[in-house]
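Student: My questions will all concern the structure given below.
Residue numbers (our numbering): 1 to 482.
Next up, the structure:
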């Protein structure tokens with residue numbers, strides 16, 4: 001028997017799903033003994049099935065949930081110790097789903113005859129290639145380009161895992177591809193680059209851009225991510241979007257919009273404290289200020305960020321310092337939170353205290369988005385903050401980028417947008433917020449479920465309309481014969 005998963009010490013958020021295949025005597029009472037043993041070790045059985053049966057032997061498949069990998073190993077050992085029971089296989093459901101990857105290329109038409117082969121490949125494809133050569137605009141109607149996005153990463157800032165490299169980043173990028181397809185019907189493909197050189201990444205992305213209708217930058221560490229996105233936005237004529245910055249920012253704004261409906265405050269009257277002035281912190285601050293918030297005070301490891309600060313600054317923080325903190329506050333985060341209307345955390349675990357939240361303004365908003373452990377756990381500030389959001393799915397009000405990027409790219413591609421503007425992000429946030437009717441809003445329900453099919457459709461429609469309104473779209477000059 002081999003339990004196919006590493007890192008037994010890591011707790012799996014939301015439960016760890018274990019699949020057991022057991023060979024046992026075909027005797028009355030055996031299944032009961034197995035179920036009792038699993039229960040005694042904390043397992044919760046989801047399903048039991050029979051894979052094979054003979055007069056003497058039965059092979060059963062059992063699916064159960066446990067808290068972590070170590071508990072799973074303990075249960076496997078306990079079941080294997082029951083006389084007559086053999087553990088044929090024990091496997092992690094998550095690892096099984098990743099076997100040989102999670103995505104594939106699929107044909108839109110079948111190739112079953114010589115005639116079909118001639119249409120999709122030689123000689124017929126040559127005429128299509130020449131049509132594009134003669135009219136480059138035809139690439140948007142005769143290839144996969146108008147529905148295809150490259151998900152580009154160097155693996156330097158992956159989830160909460162840090163710099164794990166391009167190969168280890170692939171499962172995350174494959175998952176992103178699945179979300180694109182499932183929620184936006186966009187065909188996205190992982191491009192994991194074995195380089196950390198900013199200029200080389202820019203050069204590679206520009207070189208592959210002809211095959212894609214958009215570029216999603218993902219999990220690239222700051223401050224390089226700012227330079228890479230800015231340069232590619234300037235030098236390419238297709239949408240370029242750094243999801244760690246702007247996907248988070250759009251959903252944060254959506255959550256803020258609905259929070260303000262509940263508490264009856266206006267954006268221009270808010271005092272907002274932001275902990276974490278990296279990629280997400282800068283983008284979130286920018287979008288809420290474009291929405292109307294005027295008083296944002298940011299903090300990094302060195303303390304308050306203000307105009308004129310010299311230590312531990314970079315180009316992005318210089319911009320942040322010049323556009324935030326209008327009163328030049330240079331005190332502590334604890335001091336700044338006194339009387340603040342909103343705390344936005346994009347930093348690390350357990351960095352703020354309940355007594356700081358208690359000193360915030362009435363009807364305080366706390367978005368503690370560090371993963372997997374937020375800046376403060378929701379249970380510590382119940383009754384102290386009016387609205388609480390995290391980045392986790394096991395608490396209400398999850399700030400989840402999947403509410404944004406599938407619909408946003410769907411709308412941008414449909415409209416033929418050349419770039420993603422700040423206005424397109426704001427209308428995307430409004431569309432997410434408006435997916436919940438005002439009369440259904442509560443403190444624990446400010447954001448819709450990612451599985452609400454109407455969300456991506458609303459976002460796509462709003463983004464496409466804004467792109468067309470602003471003139472930020474390709475000029476379709478020549479009709480293409482199809």
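Think of the CB as a built atom: it goes at the ideal place given N, C-alpha and C, for glycine as much as any other residue. Here the structure is a predicted model, which is why all the values come from computation and not from measurement.
Would you kindly work out how many angstroms separate the C-alpha atoms of residue 104 and residue 98, rounded to a whole number?
Tutor: 12 Å
Student: At which residue ranges does the stretch 206-249 contain complete beta strand (DSSP E) runs of 3 or more residues, listed in the order of the chain?
Tutor: For the stretch 206-249, whole beta strand (DSSP E) runs of length 3 or above, ordered along the chain, are 214-217 and 240-242.
Student: Can you check DSSP and say which residues form a bridge with residue 303?
Tutor: 300
Student: Taking just the CA atoms, how far does residue 151 sit from residue 159?
Tutor: Distance between the alpha carbons of residue 159 and residue 151 is about 15 Å.
Student: Are the beta-carbon atoms of residue 271 and residue 295 separated by less than 7 Å?
Tutor: yes
Student: Excluding sequence positions up to five away, which residues of its chain have a Cβ less than 8 Å from the Cβ of residue 37?
Tutor: 75, 78, 79 and 82
Student: Taking 8 Å as the threshold, find out whether the stretch 234-244 comes into contact with the stretch 417-424 through three or more Cβ pairs.
Tutor: yes
Student: Nearest CA to the CA of residue 433: which residue from 449, 197 and 209?
Tutor: 449
Student: Excluding the 5 residues flanking residue 164 on each side, which residues of the same chain have their C-beta closer than 7 Å to its C-beta?
Tutor: 155 and 158
Student: Taking a contact to mean a Cβ-Cβ separation below 7 Å, would you say residue 149 touches residue 207 in this structure?
Tutor: no
Student: Quick one: is residue 178 buried, meaning 16 or more other Cβ sit within 10 Å of its Cβ, or exposed?
Tutor: exposed
Student: Give me the Cβ distance between residue 408 and residue 455, rounded to the nearest whole Å; I'm assuming they're in contact under 8 Å.
Tutor: At roughly 11 Å, the Cβ-Cβ gap does not stay under 8 Å, so residue 408 and residue 455 are not in contact.
Student: Where DSSP assigns a beta bridge to residue 368, which residues make up the other side?
Tutor: 345 and 390
Student: So, do the stretch 338-350 and the stretch 257-274 have three or more beta carbon pairs nearer to each other than 8 Å?
Tutor: yes
Student: Report the three-state DSSP secondary structure of residue 74 (helix, strand or coil).
Tutor: helix
Student: Just to confirm the assignment, what range does the alpha helix (DSSP H) spanning residue 167 have?
Tutor: 166-184
Student: So what's residue 10 in DSSP terms, helix, strand or just coil?
Tutor: Bear in mind that the predicted position of residue 10 carries a pLDDT of just 36, short of 50, making it too unreliable to give a figure here.
Student: Could you work out which residue in 223, 48 and 26 is closest to residue 85 when comparing CA atoms only?
Tutor: Out of 223, 48 and 26, 26 has the C-alpha closest to the C-alpha of residue 85.
Student: Can you tell me which of the three DSSP states residue 469 falls into?
Tutor: helix
Student: Roughly how many angstroms lie between the CA atoms of residue 471 and residue 201, to the nearest whole one?
Tutor: 29 Å
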